[in-house]
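Below: the structure, in structure tokens.
Residue numbers (my numbering), protein chains in the order written: chain A, 1 to 111; chain B, 1001 to 1110.
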């Protein structure tokens, strides 16, 4: 069983729609990360959170530690949001970067 | 700041050849790591370093060596390339947990 599960695997939306991507994990964590991988391959960190909710522009990330679940929301989606969104969890212990990654959710936003 | 840089962008190797993937960062981050990304799988940690002179193995270290002589550089060495090492390799550095990724190196082993 994968330690980090994302759903859905693929998502197609129309421009303007509200989008939710889910991430469930089975290990104890120090923090959860949401990353964006552009069609060209580059990976960018969107959020790192260990509790509650964070917002940046049209992106909102939430985490429920008790339920071991996080969601990434995109409001008013746009074709430029088309990318693979990756959830990763860190159980840092003495090392801050040992992440376990989900397989990603491929989002396509149609105009 | 250039951030995290990787060279080369693309490389073709024959089975048994060796090569070094270069990674450098100019943000003075102590933590650096190497990942590989394969179709249908999440990124997997190969090796990591928590500072100059200190390295450790990740999830899939076999066939790879690393060293960290300076804070800036973290090269990944393939000792004897195998077709199973065909992948996209990402280097990353980290500051207080936030990850900064390089652009990736696409490696094809024939």
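C-beta atoms are modelled at their ideal positions from N, C-alpha and C, and glycine is treated no differently.
{"Asked": "Nearest-angstrom beta carbon gap, residue 1053 of chain B and residue 1068 of chain B [assumed within contact, 8 Å]", "Found": "6 Å"}
{"Asked": "Residues bridged to residue 31 of chain A (per DSSP)", "Found": "A:90"}
{"Asked": "Backbone CA spacing between residue 1017 of chain B and residue 1082 of chain B [nearest angstrom]", "Found": "8 Å"}
{"Asked": "Alpha-carbon spacing of residue 50 of chain A relative to residue 56 of chain A, whole angstroms", "Found": "16 Å"}
{"Asked": "Cβ pair residue 109 of chain A, residue 77 of chain A closer than 8 Å", "Found": "yes"}
{"Asked": "Continuous beta strand (DSSP E) stretch holding residue 16 of chain A: start and end", "Found": "Counting along the chain, residue 16 of chain A falls outside any beta strand (DSSP E), and DSSP gives it neither H nor E."}
{"Asked": "Residue 102 of chain A, buried or exposed, once every other Cβ within 10 Å from all chains shown has been counted against 16", "Found": "buried"}
{"Asked": "Residue environment, residue 1003 of chain B, which counts as buried when at least 16 other CB atoms sit within 10 Å", "Found": "exposed"}
{"Asked": "Simplified DSSP state of residue 1085 of chain B, which is helix, strand or coil", "Found": "helix"}
{"Asked": "8 Å CB neighbourhood of residue 11 of chain A in its chain, flanking five on each side removed", "Found": "19, 21, 105, 106, 107, 108"}
{"Asked": "Cβ-Cβ separation, residue 100 of chain A to residue 4 of chain A (assumed contact under 8 Å), whole Å", "Found": "5 Å"}
{"Asked": "Interface residues of chain B facing residue 121 of chain A [CB-CB closer than 8 Å]", "Found": "There is no way to answer for residue 121 of chain A, as the model of chain A reaches only from 1 to 111."}
{"Asked": "Host beta strand (DSSP E) of residue 64 of chain A (start-end)", "Found": "59 to 64"}
{"Asked": "Touch test, the stretch 1025 to 1037 of chain B against the stretch 1094 to 1107 of chain B, Cβ-Cβ under 8 Å, three pairs minimum", "Found": "yes"}
{"Asked": "Residue from B:1006, B:1007, B:1099, B:1039 with nearest C-alpha to residue 1086 of chain B", "Found": "B:1039"}
{"Asked": "Beta-bridge pairing of residue 52 of chain A - partner residues as DSSP gives them", "Found": "A:63"}
{"Asked": "Where the beta strand (DSSP E) containing residue 73 of chain A begins and where it ends", "Found": "69 to 74"}
{"Asked": "Closer than 8 Å at the beta carbon, the chain A residues around residue 1100 of chain B", "Found": "45"}
{"Asked": "Where residue 80 of chain A sits in the DSSP three-state scheme", "Found": "helix"}
{"Asked": "Residues, ordered as in the chain, of the stretch 34 to 66 of chain A that lie near chain B by beta-carbon distance below 8 Å", "Found": "35, 41, 42, 43, 44, 45, 48"}
{"Asked": "Straight-line gap, residue 1049 of chain B to residue 35 of chain A (C-alpha atoms, nearest Å)", "Found": "21 Å"}
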